[in-house]
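In what follows, a single structure is set out as structure tokens and then discussed.
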Amino acid sequence: MVAQRSLTDRLLGALRLDDATFEEVEADPAATAQAALVVVATSLVAAVAAGAGSAGAALFAGVGALVGWAVSAFFAYVVGTRLLPGPNTKADWGELARTLGFASTPRFLLILGVVPGLRAAVALVAGIWVLAATIVALRTALDCSTGRAIAVGLVSWLAQAVVVLLFLRLVVF
């Protein structure tokens with residue numbers, strides 16, 4: 005039976021990079037909706053902090069974040085379970101999606117970027133924190149070492165970047 009901690013408790017656990025929180029989220033299929041909410045909410049916070057003032061820009065940011073999250077989870081799933089699996093790796097897309105969704109929790113800090121002079125520092129801190137949370141999320145969902153989680157994250161990101169660049173090349177040219 006999966007413990008049912010509150011969304012707030014899960015967010016705080018994700019901020020603390022707490023393995024138990026990521027394990028709980030991984031094991032709880034109902035947490036997929038919470039992970040999606042985290043992704044959309046953090047993208048809206050980022051849009052507000054960046055000065056996007058229109059509802060259309062906010063909607064685009066939210067939809068784009070959801071699509072990016074799903075695609076990132078797909079690439080991490082393929083790389084982590086097919087190309088670079090660990091000896092104990094057994095995961096599905098949902099487990100990766102949930103843990104990676106919660107890994108974006110530190111992006112809530114981007115709202116502090118509205119304070120004059122803090123935007124770059126806040127973005128740097130939040131970016132490093134998200135990176136650390138992503139490694140914990142991958143390590144948890146894939147039941148692998150930190151080194152393998154870093155490798156999966158890097159290869160997944162590179163594969164996704166290649167696909168995006170190819171898509172943009174087809175669309176633009």
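First residue of the sequence shown: 5, per this note's numbering; consecutive thereafter. Positions of the beta carbon are idealized from the N, C-alpha and C atoms, including for glycine.
- For G17, the three-state secondary structure derived from DSSP is helix.
- Taking 8 Å as the upper bound for CB-CB distance, V43 and S108 are in contact here, some 6 Å apart.
- The beta carbon of L142 sits closer than 7 Å to those of A80, G84, A153, V156 and G157, all from its chain and outside the five residues before and after it, given in chain order.
- Here the alpha carbon of E28 sits roughly 21 Å from the alpha carbon of L70.
- In this structure, F112 sits near T46, with a CB-CB distance shorter than 7 Å.
- Going by C-alpha positions, R20 is about 10 Å away from A136.
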